[in-house]
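Novice: Here you go, one structure.
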């Protein structure tokens, strides 16, 4: 699967044309401003957050002795910040990803430029506190921007502990995540009752199961919505491999299939950010271009989806 992703993206990347991306926009325009990538407002605070970030599952899970990967991921983070991005998402369940982020923040000196999102798993209070402390130690931090309760499954789940952390300053925002269709009913009830600052869900052109109920419920609850797995675990790239972009992609200044997928997501005004797993700096630059130029309206989003499904 990885080889297919690399091949498809190498064929479509135009890195040289994207090296002038500037700092993040501070307002929410209909299109990204010429001064930087699109940023959208976090509903609970009004803070602006650039719409393209990084997910760290799998690709940041490697041993520190692998200097090639360490240096490459450092360049990814540098490219994110240079391009106006801020958001990095991680979790204790992502193997060594938190450890490597701690190393990479030390290497790059960019921790203060990052909006860092972490997670804790549903467990006893003592175990959840212990997991949070372990994560902070691995990442070499004493506070975090966003702490999310990972993969909520109980309709009666409360966020009392996370609210305590928020009140004490350990985190600025709290949220919940879900990746399993079978949990959607419980998640929807939790969203409506608890009204967290953020909600993270797997959402892509390949997997749109959250589109009908969960995303509207999160938006109605005042959540900023982050979408993980925006390429559908690689299935998107498998489907488009070797295929040319449609001519109408030029209408929204799309020059790669990755941008096509990300701009389709960002064309949904409820979506605050996309967090694709990104292991190469040229891919980071390409992804950031999804935050530049016009976004598709509802009619064009439908056309984009129809074209993709007919491939």
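Numbering (my numbering), first residue to last: 1314 to 1624. Glycine residues also receive a C-beta, built at the ideal position from the N, C-alpha and C atoms.
#1: In angstroms, rounded to a whole number, what distance separates the CA positions of residue 1425 and residue 1624?
#2: On a Cα-Cα basis, can you pick out the residue from 1487, 1393, 1456 that is closest to residue 1471?
#3: Could you check which residue in 1481, 1609, 1475, 1353 has the C-alpha nearest to that of residue 1489?
#4: Taking the CB atoms as reference points, tell me whether residue 1589 and residue 1544 lie closer together than 8 Å.
#5: For residue 1326, which three-state DSSP category applies?
#6: If you follow the beta strand (DSSP E) that residue 1458 is part of, which residue opens it and which one closes it?
#7: Using only CA atoms, which one of 1391, 1503, 1495 lies nearest to residue 1419?
#8: So, helix, strand or coil for residue 1361, using DSSP?
#9: For residue 1590, write down the residues that DSSP places opposite it in a beta bridge.
#10: Can the beta-carbon of residue 1558 be found less than 8 Å from the beta-carbon of residue 1577?
#11: Compute the Euclidean distance between the alpha carbons of residue 1551 and residue 1621, then round it to the nearest angstrom.
#12: Taking 7 Å as the cut-off, is the C-beta of residue 1464 nearer than that to any heavy atom in the ligand PLP?
#13: Exposed or buried, which one is residue 1524 when buried takes at least 16 other CB atoms within 10 Å?
#14: Tell me which same chain residues have a C-beta within less than 6 Å of the C-beta of residue 1388, skipping the five on either side of it?
#15: Helix, strand or coil: which one does DSSP assign to residue 1585?
#16: Quick one: is residue 1612 buried, meaning 16 or more other Cβ sit within 10 Å of its Cβ, or exposed?
#17: Roughly how many whole angstroms lie between the Cα atoms of residue 1531 and residue 1468?
#18: Name the DSSP bridge partner or partners of residue 1401?
Specialist: Well, looking at it:
#1: 43 Å
#2: 1487
#3: 1475
#4: yes
#5: The predicted model places residue 1326 with a pLDDT of 39, which falls under 50 and marks its position as unreliable; any figure quoted below should be read in that light. Three-state DSSP puts residue 1326 in coil, outside helix and strand.
#6: 1457–1463 is the span of the beta strand (DSSP E), which, as asked, contains residue 1458.
#7: Among 1391, 1503, 1495, the Cα nearest to that of residue 1419 belongs to 1391.
#8: strand
#9: 1368
#10: no
#11: 12 Å
#12: What this structure holds is no ligand at all, so the ligand PLP is not there to describe.
#13: exposed
#14: 1594
#15: strand
#16: So residue 1612 ends up on the exposed side.
#17: 15 Å
#18: According to DSSP, residue 1401 bridges with 1367, 1429.
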